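Residue 108 is where the sequence shown starts when you use the working numbering, and the numbers rise one by one after that. We put the CB at the ideal spot given by N, CA and C, even for glycine. Just so you know, these numbers come straight off a predicted model, no measurement behind them. Each remark here refers to the structure printed beneath this line.
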Amino acid sequence: MRYILSQISLATLAFASLFISIATEAQTSKNTLAAPAKASTTKQKTVSERWSFQCEAEHCFISQVLVARNKELAGVVGAVNVAISAENQPILTLRLSPYAKQKVGLGIKIDENKPVRVSIQHCDTKICETNIVIDDTMMKELNSGKRFMVAFMNTNEQQTTLPFSLEGFSKAYEELLATTD
Numbered sequence: 108m109r110y111i112l113s114q115i116s117l118a119t120l121a122f123a124s125l126f127i128s129i130a131t132e133a134q135t136s137k138n139t140l141a142a143p144a145k146a147s148t149t150k151q152k153t154v155s156e157r158w159s160f161q162c163e164a165e166h167c168f169i170s171q172v173l174v175a176r177n178k179e180l181a182g183v184v185g186a187v188n189v190a191i192s193a194e195n196q197p198i199l200t201l202r203l204s205p206y207a208k209q210k211v212g213l214g215i216k217i218d219e220n221k222p223v224r225v226s227i228q229h230c231d232t233k234i235c236e237t238n239i240v241i242d243d244t245m246m247k248e249l250n251s252g253k254r255f256m257v258a259f260m261n262t263n264e265q266q267t268t269l270p271f272s273l274e275g276f277s278k279a280y281e282e283l284l285a286t287t288d
């Protein structure tokens, strides 16, 4: 099956410049995530398939950025990060269009597993964001899955579906866990 973003409009691509900074900096929410104790103080970056592992100062995470192309226009339309919290819990952060309807929330689905509905915690003029604690069930699905789908309604009442690949997730996550030992 081809990965196709449904209902991508020019308005969705307008926020691409914000996500370009996510692609290079890939910061996660400071109030939710804490720095691992043994992380390097220098900037590191490795790539495992479509997932990248980065440590900046004392903060390590894995991430994937989804880019859409429409003729000569291209831009980042979504990003997912995973980091380990101060409570040693894996936290998944989703960043998407500021045009997502916050009150509707979003749906996530891994392969053919049961879909999960989650709230969108924050939206401003540049981005919508949510943080999800990854439980054991979700971690098993992420490690064995092939595709992580995120769907939301935009302000024009159109559904947008972002298809993230889980290829390389397990390897990248193992690298992340090694920084918390």
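Counting only runs of 4 or more residues that sit fully inside the segment 204 to 281, the alpha helix (DSSP H) segments are 243 to 251, in chain order. Counting the other Cβ atoms within 10 Å of the Cβ of S170 gives 16 or more, which makes it buried.
The count of Cβ pairs closer than 8 angstroms, one atom from the segment 201 to 208 and one from the segment 174 to 191, reaches three, so the stretches are in contact. Note on geometry: alpha-carbon atoms of A181 and L269 lie some 15 angstroms from one another.
When E282, T267, P197 are compared, the shortest CA-CA separation from D243 is found for P197.
Put simply, of K221, P222, V257 the residue whose alpha carbon is nearest the alpha carbon of E236 is V257. Counting other Cβ atoms within 10 Å of its Cβ, V240 stays below 16 and is therefore classed as exposed. Per DSSP, the beta bridge partners of E163 are H166. When only Cα atoms are considered, S192 and V223 end up about 22 angstroms apart.
Annotated as proximal: F255 and L273, with beta-carbon spacing under 8 angstroms. For A190, the three-state secondary structure derived from DSSP is strand.
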